[in-house]
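Residue numbers (this note's numbering): 1 to 138.
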């Protein structure tokens with residue numbers, strides 16, 4: 001586990017990932033690394049992910065991101081109480097279809113907001129809610 005991954009997990013079970021200043025492809029890899037590390041703990045968690053302001057129009061790396069989500073999805077379904085994405089109102093509008101499909105895409109509850117405090121409050125609320133049973137408990 002890297003030092004940057006360690007810092008994202010310091011508020012466990014609340015995972016906080018800040019990638020707003022990173023290139024979107026680098027940010028996606030960082031999110032993947034942190035979520036993988038969180039899943040390796042095999043404990044319930046929720047995450048707040050602060051995303052880059054602008055997204056490039058080109059789809060470079062889209063296939064890699066899709067593979068990453070498919071890899072993470074079973075673990076997120078079992079362990080993640082929710083993912084809160086902090087994105088600008090413009091980005092929410094531009095990606096409304098993907099945001100609406102968030103829970104199906106990621107395998108856990110999701111929300112998107114421009115307000116970091118609202119994202120943290122939502123994630124904490126998700127953690128406080130009764131957790132669904134995992135595959136191992138069924």
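For glycine and all other residues, C-beta sits at the position ideal for the given N, C-alpha and C.
A quick note: this is a predicted structure, and the numbers were derived from the prediction, not measured.
- Just so you know, the alpha carbons of residue 24 and residue 31 end up roughly 10 Å apart.
- Within the segment 85-133, the runs of beta strand (DSSP E) at least 3 residues long that lie entirely inside it are, in chain order, 110-113.
- Judged by beta-carbon spacing, residue 17 lies within the 8 Å limit of residue 49, meaning their Cβ atoms are closer than that value.
- Rounded to whole angstroms, residue 69 and residue 77 show a C-alpha spacing of 11 Å.
- DSSP places residue 49 in the strand class (E or B) of the three-state scheme.
- Secondary structure at residue 37: helix, using DSSP grouped into helix, strand and coil.
- Residue environment for residue 66: exposed (fewer than 16 other C-beta atoms within 10 angstroms of its C-beta).
- Annotated three-state conformation of residue 64 is helix, per DSSP.
- DSSP, reduced to helix, strand and coil, places residue 14 within a strand of the structure shown.
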